[in-house]
Each structure stands twice: as C-alpha cells, then as structure tokens.
Amino acid sequence: GSLSEVPRSGLRPLKTNSKRKYLSRALRLSNNNIPDLVGLQYTLSHFLAQPLKLGWLDLSCNKITCIDPVLCELRELRVLYLHGNSIWNLSEVDKLGELQCLHTITLHGNAIELHKIYRNHVIAALPQLKTMDFSAVTRAEQVLANVWYTDVKRGRNTKESLQ
373 GSLSEVPRSG LRPLKTNSKR KYLSRALRLS NNNIPDLVGL QYTLSHFLAQ PLKLGWLDLS
433 CNKITCIDPV LCELRELRVL YLHGNSIWNL SEVDKLGELQ CLHTITLHGN AIELHKIYRN
493 HVIAALPQLK TMDFSAVTRA EQVLANVWYT DVKRGRNTKE SLQ
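Quick note on numbering: the sequence shown equals residues 373 to 535 in the working numbering.
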C-alpha cells in the first residue's frame, strides 16, 4: 500500500533528514479507499521524521466509518479533513475532544451530515473549532451549541437529540 509509494513533490521540494524521513508536519492520504486507520502510526513513522508533530492530516474521500482513537495521539493536530467518508454515528466526533489544538475540521459528505443536530453537535463536542466544513464557526454558534448540549445532558430536547 502506501509504504511503497513515493510522495509526489509539490511546489516546494520535500526536505528529508539523514534517515530519509520527511521533515513535514502535513500528510495527505485522500482518495485512497482507506477503510480504517489501523497502521496509521506505522505509516506516519515510516514517512515522517517527527510523526507526533503532525499538524495537518487529510483523510478525505476514503471509506472510513469510525474515528479511530489513534488520531487522539496526534496532540498537535490542528487541521483534520475527514469529508467524503462513511462516518454515520455522530458520537464518533466526541472522540476528538482531546485534541486541544484542533481548530479546523471537515466532516461534510459523511452520513452524519444528515442529522438535524449535526453542526450543533460537532461545535459542542469540539469547542475550540474555528472552522467546520470550510465555514467559520461564529461565537453565536458556539453559544447556541453549548446551550443545546447542556439541555441534552440535562435530559431536555431528548426527542430532538435522537433524530
């Protein structure tokens, strides 16, 4: 799979260290039919000099159904693209709450987008977000999402939260 591929060079040449690992904080794995993130750490370690310093990860347009806890090991992750996958359970997003640096996420094009409470849920689960689905998260949205989330936790709006 990906370990035998040579990364395409972009506008700037990719720099490597003495062990021929890339000195990059970004990785694009989009459009690869990836079903899950088993082996992600191995792949990151294979290609990157400092895999835990990864700040930008593009996993868009794959076949991912669950948000694997392995993503939460990437403590410096700031940007995560997951659009165009097969994530259907809205609570999967909650797993990413540990990523304090995460400020940009894409999730559109997943089945979770069909939930009426989709945007509210994601903003409440990830209060540090600045951008979701290429759209700015406003202060008003953050306040409303927090009110909604507090009501759900208290048992109010349970009918709406289940739909």
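Every residue gets a Cβ at the ideal spot worked out from N, C-alpha and C, and that includes glycine. It should be emphasised that the depicted structure is a prediction, and the values quoted were computed from it without experimental measurement.
Quick check on this structure: which residue in the options has the alpha carbon closest to the alpha carbon of residue i?
i	options	result
Thr476	Ile484, Ala508 and Arg491	Ala508
Tyr453	Asp430, Arg400 and Lys393	Asp430
Lys393	Cys473, Ala421, Asp408 and Gly527	Ala421
Leu412	Cys433, Leu395, Ser390 and Ile439	Ile439
Leu399	Trp520, Thr415, Tyr521 and Val410	Thr415
Ser463	Ala497, Leu474 and Glu445	Ala497
Arg511	Ile484, Leu474 and Ile495	Ile495
Asn405	Ser390, Lys435, Thr388 and Trp428	Lys435
Glu470	Pro441, Tyr521, Gly527 and Trp428	Pro441
His480	Phe506, Leu516 and Trp428	Phe506
Count the other C-beta atoms from every protein chain shown that fall within 10 angstroms of the C-beta of residue i, then say buried if there are 16 or more, exposed otherwise.
i	result
Leu386	exposed
Phe419	buried
Lys525	exposed
Asn314	For the chain, the structure presents residues 373 to 535; residue 314 sits outside this window and is missing.
Leu468	buried
If the criterion is Cβ atoms closer than 8 Å, does the pair residue i and residue j meet it?
i	j	result
Val465	His487	no
Ser417	Gly456	no
Arg450	Leu424	no
Arg397	Leu426	yes
Trp460	Thr478	no
Leu395	Asn403	no
Please report the Cβ distance between residue i and residue j, rounded to the nearest whole angstrom; I am assuming they are in contact, meaning their Cβ atoms lie under 8 Å.
i	j	result
Gln500	Gln472	6 Å
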